[in-house]
Each structure stands twice: as structure tokens, then as C-alpha cells.
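Under full-length UniProt numbering, think of the first position of the sequence shown as 1, with each following residue one higher.
Cβ coordinates follow ideal geometry from the N, Cα and C atoms, glycine included.
Remarks on the structure that follows.
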Amino acid sequence: MLQKYEANAAKIVFLRHRHWALIAPPLALKRTLNG
């Protein structure tokens with residue numbers, strides 16, 4: 001049961017990081033353009 005939970009947590013973290021990787025670059029670009 002614990003193994004299943006750990007796999008789930010790892011998947012959530014991975015998806016969150018991938019999501020952030022998609023969002024972060026445009027935000028950083030916008031910030032540099034705005035000065």
C-alpha cells in the first residue's frame with residue numbers, strides 16, 4: 001500500500017514539475033520584457 005502511495009506521489013510531483021516547466025519560461029520572458 002505504501003509503495004502505491006509513493007508511486008502516486010512521484011507521479012504528482014513529476015506532473016507538477018512538467019506543468020511548471022511549461023509555465024515558467026513565458027512568465028520569465030514577460031518579466032524581462034516588462035523590465
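Backbone CA spacing between residue i and residue j [nearest angstrom]
| i | j | result |
| --- | --- | --- |
| Y5 | L29 | 37 Å |
| P8 | R18 | A quick correction: the sequence has Asn, not Pro, at residue 8. Cα to Cα, the separation comes out at about 15 Å. |
| L33 | A24 | 14 Å |
| P26 | W20 | 10 Å |
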